[in-house]
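Numbering (the numbering used here), first residue to last: 3 to 223.
Where is the CB? At the ideal position from N, CA and C, for every residue including glycine.
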Amino acid sequence: MFFWNLLLGQQVEAADWANKQRYAQANMELMAGEPDPQRIVLMGNSITEFWYETHPVFFHENHLVGRGISGQVSSQMLARFRQDVINLEPTIVVINCGTNDIAENNGPYDEDITMDNIKSMTELALAHGIEVIITSVLPCDTFCWNPAVKDVPEKINNLNLRILNYADSTPHIHFLDYFSSMTSDGRSMNKHYSDDGVHPNAAGYDIMETKLIDTLQSLNQ
């Protein structure tokens, strides 16, 4: 019996590799409620997930819907993009991804594949009339769960440059630079803004909130 339960659990996990069920109930409730013409969805990983847990009032006050899932790479976000973004009919989506790609959470890192996933999410959003903000990857010099990954700052800087160039060359896409405000040396997270060098703490999220609001206000001018 234990073997079959274990096997069934593995099959369910494999079938929902992108964890689409994580927000399924919340999405149903949101879609059943009153439409919100100011709705903004934040698509991301643990940085986005923990942000909501740290400061839910900020999300509620600013019509933000958090759709971050810890540990996810860009391909998993792309797989659940329709359920967690498009179906919610937001005005804007803010995409933050790349950290776990570089950390090799789902296999070897390929910068081209990560960029393709970002572009695919962007194109899906634009096709449905959703404005897109793509954020920089936050600074980090090593991953505590996978210290074998080398040249982390260089990989982050290279990906951020490609995201910036893509946003600058594509209409209706905007680049949000968290990186510059969250680092003091151009490589690692400022120690005042993170307790583990990867995830922002409350002070770090305060910085990100200011940057996000500034960007959103600039779109309304």
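Three-state secondary structure assigned by DSSP to V139: Stepping through the sequence shown from its first residue, residue 139 is reached at position 137. Coil at V139, not helix or strand.
Selected residue, minimal CA-CA separation from G131, among S138, H174, L161 and G109: Taking the first residue of the sequence shown as 1, we reach residue 131 at position 129. Nearest C-alpha to G131: H174.
Extent of the continuous beta strand (DSSP E) run through L178: For this step, residue 178 is matched to residue 176 along the sequence shown. L178 -> beta strand (DSSP E) spans I175 to L178.
Identified DSSP bridge partners for S186: As a first step, residue 186 must be located in the sequence shown, where it is residue number 184. DSSP, once it has assigned bridges, lists no residue as partnering S186.
Close beta carbons around D198, own chain, < 8 Å, minus the five adjacent residues each side: Locating residue 198 in the sequence shown gives position 196, where the first residue counts as 1. Answer for D198: C146, listed in chain order.
Touching by the beta-carbon criterion (3+ pairs, under 8 Å), the segment 15 to 30 and the segment 161 to 180: no
Coil, strand or helix - W6 by DSSP: Position 4 of the sequence shown, counted from the first residue, corresponds to residue 6. The predicted position of W6 is uncertain, since its pLDDT is 40 and thus under 50; a value taken from the coordinates is nonetheless stated next. The answer is helix: DSSP assigns W6 an H, G or I state.
Nonlocal neighbours in the same chain, by C-beta distance under 6 Å from I225, ignoring five residues either side: What is shown of the chain runs 3 to 223, which leaves residue 225 out entirely.
Presumed contact (8 Å Cβ cut-off) between N47 and N119, rounded CB distance: Residue numbering aside, residue 47 sits at position 45 when the sequence shown is read from its first letter. Residue numbering aside, residue 119 sits at position 117 when the sequence shown is read from its first letter. Contact doesn't hold; Cβ gap of about 13 Å is too wide.
Residue environment, G68, which counts as buried when at least 16 other CB atoms sit within 10 Å: In the sequence shown, the residue the question calls residue 68 occupies position 66. By the 10 Å Cβ count, G68 comes out buried.
Buried or exposed by the 16-neighbour rule on C-beta atoms within 10 Å, applied to L163: What you label residue 163 is simply residue 161 of the sequence shown in a count that begins at 1. Classification for L163: exposed.
Own chain partners of Q219 with C-beta closer than 8 Å, once the 5 adjacent residues on each side are dropped: In the sequence shown, residue 219 corresponds to position 217, counting from 1. Counting only Cβ-Cβ distances below 8 Å, and skipping sequence neighbours, we find nothing.
Cβ shell of G73 (< 7 Å), same chain only, five flanking positions each side left out: Position 71 of the sequence shown, counted from the start, is the residue given in the question as residue 73. For G73, where only same-chain residues beyond five positions count, the Cβ hits under 7 Å are N47, S48, N102 and N107.
Neighbour-count burial assignment, E51, 16 or more Cβ in a 10 Å radius: Reading the sequence shown from its first residue, position 49 is the one you call residue 51. Buried, because 16 or more other Cβ atoms sit within 10 Å of the Cβ of E51.
Per-residue DSSP class, three states only, for V59: Taking the sequence shown and counting its residues from 1, one reaches residue 59 at position 57. When secondary structure is reduced to three states using DSSP, V59 falls in the helix class.
Local conformation of S196 per DSSP, three classes: In the sequence shown, counting from the first residue as 1, residue 196 sits at position 194. S196: strand per DSSP, three-state reduction.
Exposure label - L185; buried when at least 16 CB within 10 Å: Residue 185 sits at position 183 when you count from the first residue of the sequence shown. Residue identity differs from the one stated: residue 185 is Thr in this sequence, not Leu. Counting the other Cβ atoms within 10 Å of the Cβ of T185 gives 16 or more, which makes it buried.
Runs of alpha helix (DSSP H) wholly within the segment 73 to 153 (minimum 4 residues, chain order): 76 to 81, 83 to 86, 101 to 104 and 113 to 129
Residues that L66 bridges to, as DSSP identifies them: Reading the sequence shown from its first residue, position 64 is the one you call residue 66. For L66, which the question treats as bridged, DSSP gives the partners I42.
Counted within 10 angstroms of its Cβ, other Cβ atoms place V154 as buried (16 or more) or exposed: The count along the sequence shown starts at 1 and reaches residue 154 at position 152. It is buried - the Cβ of V154 has at least 16 other Cβ atoms within 10 Å.
Contact under 8 Å by Cβ, V75 with V43: The count along the sequence shown starts at 1 and reaches residue 75 at position 73. The count along the sequence shown starts at 1 and reaches residue 43 at position 41. For V75 and V43, no; Cβs fall outside 8 Å.
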